[in-house]
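4 protein chains.
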Amino acid sequence: MTVDNRTRNLAHIRASFRSEGAMRLLRARITRLERGCAEITAKNQAVLSQQDGFVHAGVLATMMDSAGGYAALSVLPPGSRVLAVEFKINFMAPAVGDTIRGIGTVRRMGKRIAVCELEAKTRKNKTWITCAWGSQTVYCIKAGEANG
Amino acid sequence: MTVDNRTRNLAHIRASFRSEGAMRLLRARITRLERGCAEITAKNQAVLSQQDGFVHAGVLATMMDSAGGYAALSVLPPGSRVLAVEFKINFMAPAVGDTIRGIGTVRRMGKRIAVCELEAKTRKNKTWITCAWGSQTVYCIKAGEANG
Amino acid sequence: MTVDNRTRNLAHIRASFRSEGAMRLLRARITRLERGCAEITAKNQAVLSQQDGFVHAGVLATMMDSAGGYAALSVLPPGSRVLAVEFKINFMAPAVGDTIRGIGTVRRMGKRIAVCELEAKTRKNKTWITCAWGSQTVYCIKAGEANG
Amino acid sequence: MTVDNRTRNLAHIRASFRSEGAMRLLRARITRLERGCAEITAKNQAVLSQQDGFVHAGVLATMMDSAGGYAALSVLPPGSRVLAVEFKINFMAPAVGDTIRGIGTVRRMGKRIAVCELEAKTRKNKTWITCAWGSQTVYCIKAGEANG
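Protein sequences, first through last, are from chains A, B, C and D.
Adding 197 to a residue's 1-based position in the first sequence gives its number in the working numbering.
Adding 197 to a residue's 1-based position in the second sequence gives its number in the working numbering.
Adding 197 to a residue's 1-based position in the third sequence gives its number in the working numbering.
Adding 197 to a residue's 1-based position in the fourth sequence gives its number in the working numbering.
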């Protein structure tokens with residue numbers, strides 16, 4: 198059985214995901230992963246809330262940041278590493294419902310710097326609503342290159 | 198016994214803090230609270246990490262966001278509410294060590310909009326290092342005013 | 198002859214545009230204006246450059262900021278006002294070419310706060326390239342409401 | 198006469214500044230330049246305004262962006278280059294008065310990435326007011342290194 202590069206790359210991402218303590222803490226899992234896009238989903242829980250009972254902005258940011266990082270990683274050669282340089286997120290609607298999702302999409306991949314679009318959605322009564330949206334700068338250390 | 202406005206205000210903030218599930222999840226506590234400034238501290242744990250073992254950017258963001266919100270709340274009349282409109286955070290150094298701290302400071306309080314400076318520090322070998330820094334826009338619903 | 202609300206609104210936006218000194222300085226004009234979207238275009242000139250000869254990031258930001266403001270204004274009742282609370286822009290490619298365009302699109306309109314997506318493109322050899330992309334928070338003072 | 202490294206570096210920055218068309222357009226000049234900090238000043242003019250007569254947010258951004266870039270350049274070896282990756286700016290007060298100033302300060306210089314704090318002030322009736330504040334990510338290509 199052969200494993201092509203693309204599949205190995207995704208396996209590498211899933212292994213990276215499993216090593217993130219914060220993803221275990223949120224009981225999150227990767228629900229979509231393709232070239233340039235990653236989606237992370239978790240059940241909402243009382244321990245994810247802020248003072249008004251909505252999902253905490255930082256919890257949304259955690260899922261969005263990981264999703265963006267994996268989106269960047271998905272277009273890099275296996276063995277590459279990514280580091281968040283910064284992100285900026287606008288909170289657009291109260292985050293309520295039973296399920297939380299963070300989505301990252303690569304908007305531009307440069308030699309060292311990737312720019313990703315980040316989005317968070319929550320599902321309530323079977324309807325998904327965008328509750329946060331933003332952008333992220335990712336520093337990419339490509340496999341086989343010097344540390345940068 | 199009289200309770201002056203300022204003390205009541207801080208009690209209100211501490212009550213709000215206790216109602217945040219995400220702060221319990223991170224085992225965070227308020228370690229400083231004064232007019233225009235709030236500081237939140239938590240012990241580092243394996244479940245707060247990203248894939249390289251550093252504290253997850255989103256965990257830092259969670260503590261920074263709450264600290265900024267409480268900083269804004271601390272200059273408003275008791276009974277007021279705050280909502281994060283957006284934040285932007287630069288990650289400046291790997292977040293490693295035994296303790297994590299988020300600090301929020303009000304830079305400007307307007308009629309409806311506050312701007313806070315956010316900072317995250319981690320302590321390693323008894324030395325604190327700034328690992329993240331940013332800004333936050335907070336929407337303020339002052340007690341006694343219409344919803345805005 | 199009757200002038201409907203929508204047409205009056207756009208006339209109001211064009212009048213506002215003409216009152217912007219900075220748009221005259223850049224010799225910019227509105228090239229598209231519809232509900233929720235505005236586009237501003239200018240010829241590139243040597244006086245718009247940064248040190249490497251590319252269009253200055255701040256010139257792109259100026260056109261993007263105005264475009265976002267007019268996009269927000271286009272969905273508000275005539276006589277409303279908008280103020281930029283903040284913007285964040287990623288620069289994704291060197292801005293070179295004969296023509297510069299700033300595009301603003303409303304992503305969410307709330308009671309007081311609008312969030313716009315901003316984009317800048319430049320045209321070289323008849324091809325448009327996205328050279329900057331970002332987000333903007335706009336404070337909206339709707340006609341007929343108190344100042345906020 | 199010897200010229201030490203530091204002086205050569207600053208001469209290099211002033212030459213770079215003179216090559217910026219946008220700085221000529223705004224009639225701006227460097228009014229302070231030291232290791233890690235740069236300040237750019239211009240007289241206010243009607244052609245710098247937005248629709249309410251305040252200085253346009255993009256004009257403030259232009260001066261802040263250049264100031265941040267020169268602040269970063271001032272701590273790099275002569276012959277180095279800088280590129281804005283992104284900036285985020287909060288607008289905190291109406292920008293009115295006779296003089297406009299953009300200030301950039303290096304908060305962290307890494308191997309490739311610098312983070313600068315940006316501020317804009319305007320002077321009215323001899324009093325300076327902070328009207329904008331933000332952060333900037335700068336990509337640094339150090340003299341003598343590969344393009345990165």
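Even glycine gets a Cβ: it sits at the ideal position worked out from N, Cα and C.
Q. Which residue or residues does DSSP assign as beta-bridge partners of residue 288(D)?
A. Partner(s): 329(D).
- prompt: Mind checking whether residue 297(C) and residue 316(C) have CB atoms under 9 Å apart?
  reply: One thing to note: residue 297(C) has its Cβ no nearer than 9 Å to the Cβ of residue 316(C).
Could you confirm whether any beta carbon from chain D is found closer than 9 Å to the beta carbon of residue 345(A)?
In this prediction, residue 345(A) scores a pLDDT of 47, lower than 50, which makes its location untrustworthy; the coordinate-derived value is nonetheless stated afterwards. Interface with chain D (9 Å Cβ-Cβ cutoff): residue 345(A) is included.
Review point. Exposed or buried, which one is residue 256(C) when buried takes at least 16 other CB atoms within 10 Å?
Key: Counting Cβ neighbours within 10 Å, residue 256(C) comes out buried, since at least 16 surround it.
**Request:** Could you give the DSSP three-state label for residue 215(D): helix, strand or coil?
**Result:** Helix.
| Neighbouring residues, chain B, relative to residue 283(C) (Cβ below 9 Å) | For residue 283(C), the neighbours in chain B by C-beta distance under 9 Å run, in chain order, 282, 283, 285, 312, 332 and 334.
Exercise. Taking 9 Å as the cut-off, decide whether the C-beta atoms of residue 430(C) and residue 263(C) are in contact.
Key: This structure does not reach residue 430(C), given that chain C is present from 198 up to 345, and the question cannot be answered.
- Count the C-beta pairs between the stretch 317–336 of chain C and the stretch 240–257 of chain C that are closer than 8 Å, then say yes if the count reaches three, no if not. The stretch 317–336 of chain C makes contact with the stretch 240–257 of chain C, as at least three CB pairs between them are under 8 Å.
How many whole angstroms separate the CB atoms of residue 288(D) and residue 333(D), which I take to be in contact at a CB cut-off of 8 Å?
Actually they are not in contact, since the Cβ atoms of residue 288(D) and residue 333(D) sit about 15 Å apart, beyond 8 Å.
### Task
In the DSSP assignment, find the beta strand (DSSP E) that holds residue 301(D) and state where it starts and stops.
Per DSSP, residue 301(D) belongs to the beta strand (DSSP E) from 296–306.
Helix or strand or just coil, what does DSSP make of residue 268(D)? Three-state result, residue 268(D): helix.
Compare the C-beta of residue 272(A) with all C-beta atoms of chain B and state if any pair is closer than 9 Å. By this cut-off, residue 272(A) is not an interface position.
| What do you get for residue 229(A), buried or exposed, if any count of 16 or more other CB atoms within 10 angstroms of its CB means buried? | By the Cβ neighbour-count rule, residue 229(A) is exposed, with fewer than 16 other Cβ atoms within 10 Å of its own.
Exercise for review: Compute the beta-carbon to beta-carbon distance between residue 310(D) and residue 336(A), rounded to the nearest angstrom, for a pair I have assumed lies under 8 Å.
Suggested key: That belief holds up - the Cβ atoms of residue 310(D) and residue 336(A) are roughly 7 Å apart, short of 8 Å.
Where does the unbroken beta strand (DSSP E) through residue 236(D) begin, and where does it stop? Start and end: 234–240.
Between residue 309(A) and chain D, is there a C-beta pair that is closer than 9 Å?
-> For residue 309(A), the answer is yes, since a Cβ of chain D falls inside 9 Å of its Cβ.
Quiz item: In chain order, what residues of the same chain lie with their CB nearer than 6 Å to the CB of residue 247(C), ignoring the 5 residues before and after it?
Solution: So the qualifying residues of the chain are 253.
- Item | Alpha-carbon spacing of residue 306(A) relative to residue 341(B), whole angstroms | Those two C-alpha atoms are separated by around 49 Å.
**Q.** Contact list for residue 305(B) against chain D, beta-carbon separation under 9 Å
**A.** Neighbours of residue 305(B) on chain D, chain order: 287, 289, 290, 327 and 330.
Q.
Using the three-state DSSP reduction, which class does residue 345(C) fall into: helix, strand or coil?
A. Low local confidence applies: a pLDDT of 47 at residue 345(C) is under 50, so the model's placement there is unreliable, and no value is given.
Using the beta-carbon of each residue, which ones in chain B are nearer than 8 Å to residue 262(A)?
Here the neighbours are 253, 254, 255 and 258.
In this structure, how does DSSP classify residue 277(D) when only helix, strand and coil are distinguished? Residue 277(D) falls in the coil class under three-state DSSP.
Using only CA atoms, which one of 292(C), 222(C), 331(C) and 209(C) lies nearest to residue 280(D)? Looking only at 292(C), 222(C), 331(C) and 209(C), the smallest Cα-Cα distance to residue 280(D) is reached by 292(C).
Item checked: Residue nearest to residue 331(B) in terms of C-alpha spacing, selected from 242(A), 266(A) and 282(A) -> Considering only alpha carbons, the answer is 282(A).
ask   = Beta-carbon separation of residue 244(C) and residue 268(C) under 9 Å?
value = For the 9 Å CB-CB criterion, residue 244(C) and residue 268(C) do not form a contact.
**Below-9 Å beta-carbon distance, residue 295(C) vs any chain D residue** = No, residue 295(C) lies away from the interface with chain D (no Cβ there is under 9 Å from its Cβ).
Task: Own chain, CB closer than 7 Å to residue 233(C), minus 5 neighbours either side, in chain order - done: Answer for residue 233(C): 268, 271, 272, 302 and 303, listed in chain order.
Discussion item. If you measure between the beta carbons of residue 276(B) and residue 209(B), is that distance less than 9 Å?
Written reply: Inclusion of residue 276(B) and residue 209(B) in the CB contact set at 9 Å is warranted, their separation being smaller than that value.
**Item:** Range of the contiguous beta strand (DSSP E) that encloses residue 230(B)
**Value:** Residue 230(B) -> beta strand (DSSP E) spans 226–231.
>> If we define contact as Cβ-Cβ less than 9 Å, is residue 208(C) a contact residue for chain D?
In response: No - not a single Cβ of chain D is within 9 Å of the one on residue 208(C).
Exercise. Which residues in the same chain as residue 351(D) place their Cβ atom closer than 7 Å to its Cβ, once the five residues preceding and following it in sequence are excluded?
Worked result: In this structure chain D extends from 198 to 345, so residue 351(D) is not present and cannot be described.
*asked:* Taking the beta carbon of residue 216(C) as the centre, do at least 16 other beta carbons fall within 10 Å, making it buried, or is it exposed?
replied: Counting the other CB atoms within 10 Å of its CB gives residue 216(C) a total below 16, which places it among the exposed residues.
Taking all protein chains shown into account, decide if residue 219(D) is buried (16 or more other Cβ within 10 angstroms of its Cβ) or exposed. A residue is called buried when at least 16 other Cβ atoms come within 10 angstroms of its Cβ; residue 219(D) meets this threshold and is buried.
Collapsed DSSP secondary structure at residue 252(A) in the structure displayed
Assigned with DSSP and collapsed to three states, residue 252(A) falls in strand.
Here's the rule: buried if 16 or more other CB atoms are within 10 angstroms of the residue's CB, otherwise exposed. What is residue 212(C)? Exposed, because fewer than 16 other Cβ atoms sit within 10 Å of the Cβ of residue 212(C).
Check your understanding: Counting only beta-carbon atoms, is residue 277(B) nearer than 9 Å to chain A?
Key -> Interface with chain A (9 Å Cβ-Cβ cutoff): residue 277(B) is excluded.
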